[in-house]
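> There's a structure below that I have some questions on.
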């Protein structure tokens, strides 16, 4: 090719600072050159550079991780079979895969500050009819077989932009697998090392089970905040108590009015729904009789106290989050965090708002993720799948942080009433009559 890896690349600061004055001015090809440059790691060699550039450009054009679709999108002017074979062969390079993943994480970590939210979520790559994929769990009881993925995206409260940092994929059949919690910890510590322990981990209650997170309460070197509805015990005032017992006893000294948007036909629930004062049966009842979106007014009040983990005695804070609405009454939810200095209204309610609004960022990310349909992968080895997921992360980074084509726009929970023609559980004066 005669191409130079370290020439004609975009300066790293342009990607880190996210210049929006000319969105889309940096192409996928230029982004690939920067990722492969000496700014972010050791030399990849010409073969490695060409492969990574072709994969990033191909995935972005095809909007798919399917190698056949990527091959067709590249339009190399040679037999598609030859291109497909080259891409598949180069995917099976664990050393290059690790090098590339480290580069992408380094680029994203540069945008993480002290108060940045590091949002942890999980999903599965199900391959119901696949039989030959390496380490794919066997199908039992008619359930889909799949790989688990733990991903982390970075976002600042109130920002419309976010940064995909890392996605790790595994199954229980992968050699060395101990538990899902162990795999999650590996991801957390890798990101923490890359960011210099900046930022705080927020766990998505919709996809990460409470029981998986309980061991993290014993980790003194991680900054985190998580909902916990489990019956776990902690040490409170030198006594062993359940989390719910502690939460029920905490005085909630600060409060504010917030508004939760419930789309018509909504079903199911999650901690953010519960913490917003909506139990599951009430949520179904409200949705069943609602033909338009509903804006629910909530009085949210919180208090904080110090607890210790039962095993290691790690000092933590328990936030009792209470919400009240005339339709469903009051709900109390424990929120556990390693954060300190939460005595002021600004600090405590700021953390509460951060927790309640992570779904806005995840919704934008999941919409983008679904566009690429990662479960459509057609590689047979685990090492190829790992590399493919890192390449997908890079393309999503490009789409969100460089091309500027994706942003966090929907706000399910807000400090102000939601605009629009909505049903409301409160009276909103007509603007014209108020003038």
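In my numbering, the protein residues as written are 5 to 439.
Where is the CB? At the ideal position from N, CA and C, for every residue including glycine.
#1: The ligand NAD and residue 217: does the residue's C-beta get closer than 6 Å to at least one heavy atom of that ligand?
#2: Kindly list the residues whose CB is nearer than 7 Å to the CB of residue 255, restricted to its own chain and excluding five residues on each side of it in sequence; keep chain order.
#3: So residue 238 and residue 314 are supposed to be a Cβ contact under 8 Å. How far apart are they, rounded?
#4: Would you call the CB atoms of residue 56 and residue 40 closer than 7 Å?
#5: Could you please give the first and the last residue of the uninterrupted beta strand (DSSP E) stretch that includes residue 68?
#6: Given residue 123, which residues of its chain have a CB within under 7 Å of its CB, disregarding the five upstream and five downstream residues?
#7: According to DSSP, is residue 274 part of a helix, a strand, or is it coil?
#8: Taking all protein chains shown into account, do 16 or more other C-beta atoms lie within 10 angstroms of the C-beta of residue 329, making it buried, or fewer, making it exposed?
#9: In this structure, what does DSSP give as the bridge partners for residue 301?
#10: Enumerate in chain order the residues of its own chain whose CB-to-CB distance from residue 351 is below 7 Å, with the five nearest sequence positions on each side excluded.
#11: From this set, 252, 326 and 161, which residue's C-alpha is nearest residue 261's C-alpha?
#12: Quick one, are the C-beta atoms of residue 127 and residue 153 less than 7 Å apart?
#13: Can you list, in chain order, the stretches of the beta strand (DSSP E) that have 3 or more residues and sit fully within the region 138-218?
#14: Would you decide whether residue 66 is buried or exposed? Buried here means 16 or more other CB atoms lie within 10 Å of its CB.
#15: Would you say the region 389-399 touches the region 183-203, given that touching needs at least three Cβ pairs under 8 Å?
#16: Which word fits residue 334, buried or exposed, when buried means at least 16 other C-beta atoms lie within 10 angstroms of its C-beta?
#17: Of the choices 170, 378 and 264, whose alpha-carbon is the least far from that of residue 108?
#18: On the criterion of 16 or more Cβ atoms from any shown chain inside 10 Å, does residue 279 qualify as buried, or is it exposed?
#19: Identify whether residue 430 lies in helix, strand or coil by the three-state DSSP scheme.
#20: Could you give the first and the last residue of the continuous alpha helix (DSSP H) run that contains residue 98?
#21: Counting Cβ pairs, one atom from each stretch, are 3 or more of them under 8 Å apart for the region 67-76 and the region 372-379?
#22: In angstroms with no decimal places, state the Cα-to-Cα distance between residue 74 and residue 388.
#23: Does DSSP put residue 417 in a helix, in a strand, or in coil?
#24: Helix, strand or coil for residue 378? Go by DSSP, reduced to three states.
#25: Tell me which residue opens and which closes the beta strand (DSSP E) that residue 121 is part of.
#26: Considering residue 329, what are the terminal residues of the beta strand (DSSP E) in which it resides?
#27: Please classify residue 93 as buried or exposed, where buried requires at least 16 other C-beta atoms within 10 Å of its C-beta.
#28: Could you pull the start and end residues of the alpha helix (DSSP H) that residue 89 belongs to?
#29: Hey, out of 391, 401 and 399, whose CA is closest to residue 105's CA?
#30: According to DSSP, is residue 4 helix, strand or coil?
#31: Thinking C-beta only, is residue 225 closer than 7 Å to residue 204?
#32: Would residue 426 pass as a contact of residue 301 if the rule is Cβ separation under 7 Å?
#33: Spatial neighbours of residue 2 within its chain, please: CB distance less than 7 Å, with the 5 preceding and 5 following residues excluded, ordered by chain position.
#34: For the beta strand (DSSP E) holding residue 229, just list the boundary residues, first then last.
#35: Applying the 10 Å Cβ sphere with the 16-neighbour rule, what's the burial state of residue 310?
#36: Could you tell me the alpha carbon to alpha carbon distance between residue 283 and residue 162, rounded to whole angstroms?
On the basis of the coordinates in this document:
#1: The ligand NAD is not among the ligands present in this structure, which contains no ligands whatsoever.
#2: 307
#3: 6 Å
#4: yes
#5: Looking at the DSSP string, residue 68 is not in any beta strand (DSSP E), and its letter there is neither H nor E.
#6: 156, 157, 159, 206, 208, 362, 365 and 366
#7: With a pLDDT of 46 at residue 274, under the threshold of 50, the predicted position of this residue should be treated as unreliable, though the coordinate-derived value follows. Residue 274 falls in the coil class under three-state DSSP.
#8: buried
#9: 263
#10: 345
#11: 326
#12: yes
#13: 150-159, 166-174 and 204-207
#14: buried
#15: no
#16: exposed
#17: 170
#18: Here the model assigns residue 279 a pLDDT of 47, short of 50, so the residue's position is not dependable, and the following value carries that caveat. The residue is buried, with at least 16 neighbouring Cβ atoms inside 10 Å.
#19: coil
#20: 98-113
#21: yes
#22: 15 Å
#23: strand
#24: helix
#25: 121-130
#26: 319-329
#27: exposed
#28: 84-95
#29: 391
#30: Residue 4 lies beyond the stretch modelled for the chain, which goes from 5 to 439, so this question has no answer here.
#31: no
#32: no
#33: This structure gives no information on residue 2, because the portion of the chain shown stretches from 5 to 439.
#34: 228-231
#35: exposed
#36: Note that residue 283 scores 48 on pLDDT, short of 50, meaning its location in the model is unreliable; the coordinates nonetheless yield the value given after this. About 27 Å.
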